[in-house]
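Here full-length UniProt numbering is used: the first residue of the sequence shown is 1, the next is one more, and so on. Report on the following structure.
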Amino acid sequence: MLKMFISGSIANNTIPDEVIKSVDVSMDKNYVILVGDAKGVDKNIQDLLKINNYSNVNIYHIGNKPRNLADKNWKQFKVIIDESNPKLFKDGKFTRSAQMIKDKRMVSEADFGLVIWQDVSTNRFGNVQVSKGSLNNIYNLLKMGKPVGLYFVPKPDEGIIKLTDLTYFENGVISNMVNVKTKQYYYEMKSEYEKVETQKKHDKKSQGEQLKFF
Numbered sequence: 001m002l003k004m005f006i007s008g009s010i011a012n013n014t015i016p017d018e019v020i021k022s023v024d025v026s027m028d029k030n031y032v033i034l035v036g037d038a039k040g041v042d043k044n045i046q047d048l049l050k051i052n053n054y055s056n057v058n059i060y061h062i063g064n065k066p067r068n069l070a071d072k073n074w075k076q077f078k079v080i081i082d083e084s085n086p087k088l089f090k091d092g093k094f095t096r097s098a099q100m101i102k103d104k105r106m107v108s109e110a111d112f113g114l115v116i117w118q119d120v121s122t123n124r125f126g127n128v129q130v131s132k133g134s135l136n137n138i139y140n141l142l143k144m145g146k147p148v149g150l151y152f153v154p155k156p157d158e159g160i161i162k163l164t165d166l167t168y169f170e171n172g173v174i175s176n177m178v179n180v181k182t183k184q185y186y187y188e189m190k191s192e193y194e195k196v197e198t199q200k201k202h203d204k205k206s207q208g209e210q211l212k213f214f
């Protein structure tokens, strides 16, 4: 049974009609729908599924219980976080990095994704901030070869953009549609991911060379 990971920006408080239609199709096909427990898109998608009495839903969270849960009968999956690590748990709260670990778990278990993304928003101090979580989800899904349906909120006329690889995403969306701050963050994020991958390959090679001595 196919699994679809639905995610989106916390700043978005409504679900576009195009996305509702896509979710309706997914319910008709009886996909397993993976959703987080945040406010914004996560909560609104949960409410939409609940209104339709849809039961094939998996909710992922990192606290003792989901922050938002529209139906207690849905399957719940707690992603274990190292609370002794200040990068993941600080001042009695889980950090953004901890939430990203939860999202990566959903990425790994999904077959494809649907992302409702507004790349930037303005905080209460009037500063522009990038919606990093959704961008990371898009990157990680495509990096694993999993297709993404992207509803880019600032460009509603585009409908749901079908993405199958990073090159198309970078050329079609990152280069032409997003805020300059989003573009800067994306390539910094990508560079960090590539450094980690390079280090992993180096470590694996070193371990292989060490084994030759035995």
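C-beta: ideal position from N, C-alpha, C; glycine also. Note that the structure is a prediction, hence the values are computed from the model and not measured.
| query | result |
| --- | --- |
| Span of the beta strand (DSSP E) around residue 215 | This structure does not reach residue 215, given that the chain is present from 1 up to 214, and the question cannot be answered. |
| C-beta atoms of P16 and Y186 nearer than 7 Å | no |
| Beta-carbon proximity of I138 to V148, cut-off 7 Å | yes |
| Spatial distance of G8 from K190 (CA atoms) | 19 Å |
| Nearest-angstrom Cβ-Cβ length linking L48 and V23, presumed shorter than 8 Å | 6 Å |
| Cβ separation of P66 and D103, assumed to be a contact under 8 Å, to the nearest whole Å | About 14 Å separates the two Cβ atoms, so there is no contact after all. |
| Extent of the continuous alpha helix (DSSP H) to which S97 belongs | R96 to E109 |
| Backbone CA spacing between Q99 and I62 [nearest angstrom] | 7 Å |
| Cβ contact check for the region 105 to 125 and the region 177 to 186: 3 or more pairs under 8 Å | yes |
| Reference I160; option with closest CA among I116, F94, V196 and G145 | I116 |
| Nearest neighbour of I6, chosen from T182, S97 and L34 [CA to CA] | L34 |
| Check whether K90 and S97 have beta carbons under 7 Å apart | no |
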